[in-house]
Amino acid sequence: MGDLCAKNVKNINLVGGDPTSDLHVILEAMKYIDMNICFLWNSNFYNSAPAIDLLLDVMDVRLPDWKFGDDACAERYAKVSNYVETMKRNFQAVHEERKGEIIIRHLVMPGHVDCCSKPILDWIAKHLPKAVVNIMEQYFPAYHAPDYPEIDRRPTAEEMKEVWEYATDLGIVWEPATYIRDVWFPF
56 MGDLCAKNVK NINLVGGDPT SDLHVILEAM KYIDMNICFL WNSNFYNSAP
106 AIDLLLDVMD VRLPDWKFGD DACAERYAKV SNYVETMKRN FQAVHEERKG
156 EIIIRHLVMP GHVDCCSKPI LDWIAKHLPK AVVNIMEQYF PAYHAPDYPE
206 IDRRPTAEEM KEVWEYATDL GIVWEPATYI RDVWFPF
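Numbered according to our numbering, the sequence shown spans residues 56 to 242.
Take a look at the structure:
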């Protein structure tokens, strides 16, 4: 981090799956940063409450993933329990403390519009109405996906359109806004 600061970087991105396993090292290293720099926490956000509490005062921007809107789906595909309540608790903690910015990344899973995408978007619209959501279509079937035929494909154009329209109807800010030389680049 010190070397990066010496190069006058604009921000430092702490990236995982989940960088929480290195949280003690990250927090210790931050003690030695003597310049004002933006810290970005890029994780799956399936963190413990104590980890979220430690991060509240030190992170400026959060890029959390929120993949599953249903605990049965999270248990089946990610082998994690109590996923939905953990995610809601973590988002609510950051929101209530008004600590930094949140850009929620939602990866649309094939065949999981009704059980996952819509419940997530409903909760965000109700509890985090000013949140920016990156609705991602980048799901790619790899690793153990062939073990689950129902997700061993990419999301269809129809599924993506349904999620985008649903988010729009809820008033969620999700549409890409990156323009370069009058050419639009979707995320």
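Glycine included, every Cβ here is placed at the ideal spot set by N, Cα and C.
Per DSSP, residue i forms a beta bridge with which residues?
i, result
"Phe94", "Ile67"
"Val228", "Val187"
Less than 8 Å between CB atoms is the rule here; does residue i satisfy it with respect to chain B?
i, result
"Thr75", "The structure shown contains no chain B; it is built from a single protein chain."
Could you give the first and the last residue of the continuous alpha helix (DSSP H) run that contains residue i?
i, result
"Glu156", "Looking at the DSSP string, Glu156 is not in any alpha helix (DSSP H); the run it does join, the beta strand (DSSP E), is Glu156 to Leu162."
"Asn145", "Tyr138 to Glu152"
"Val168", "Where Val168 is concerned, there is no enclosing alpha helix (DSSP H), given that its DSSP letter is neither H nor E."
"Ala133", "Asp126 to Ala133"
"Ile179", "Lys173 to His182"
"Ala84", "Leu78 to Met85"
"Asp58", "Gly57 to Ala61"
Using a threshold of 8 Å, state whether the C-beta atoms of residue i and residue j are closer than that.
i, j, result
"Asn66", "Phe94", "yes"
"Val163", "Pro210", "yes"
"Ala174", "Gly124", "In the sequence on display, residue 174 carries Pro and not Ala. It is a contact, given that the beta carbons lie within the stated cut-off."
"Leu118", "Ala180", "no"
"Ile107", "Asn68", "no"
"His161", "Ile206", "no"
"Met142", "Tyr87", "no"
"Glu156", "Val188", "no"
"Leu176", "Ile92", "no"
"Val139", "Asp120", "no"
"Leu110", "Trp96", "yes"
"Gly57", "Asn99", "no"
What are the boundary residues of the beta strand (DSSP E) that residue i is part of?
i, result
"Asn99", "From DSSP, Asn99 is part of no beta strand (DSSP E); its letter is neither H nor E."
"Pro119", "Val116 to Pro119"
"Met191", "Val187 to Met191"
With 16 other CB atoms within 10 Å as the buried threshold, where does residue i fall?
i, result
"Pro231", "exposed"
"Trp239", "Here the model assigns Trp239 a pLDDT of 47, short of 50, so the residue's position is not dependable and the matter cannot be decided."
"Thr75", "buried"
"Thr223", "exposed"
"Lys122", "buried"
"Ala129", "buried"
"Met90", "exposed"
"Tyr198", "exposed"
"Ser172", "buried"
"Asp77", "exposed"
"Asp112", "exposed"
"His167", "buried"
"Glu220", "exposed"
"Tyr132", "buried"
"Ser103", "exposed"
"Glu214", "buried"
"Val218", "buried"
"Val149", "buried"
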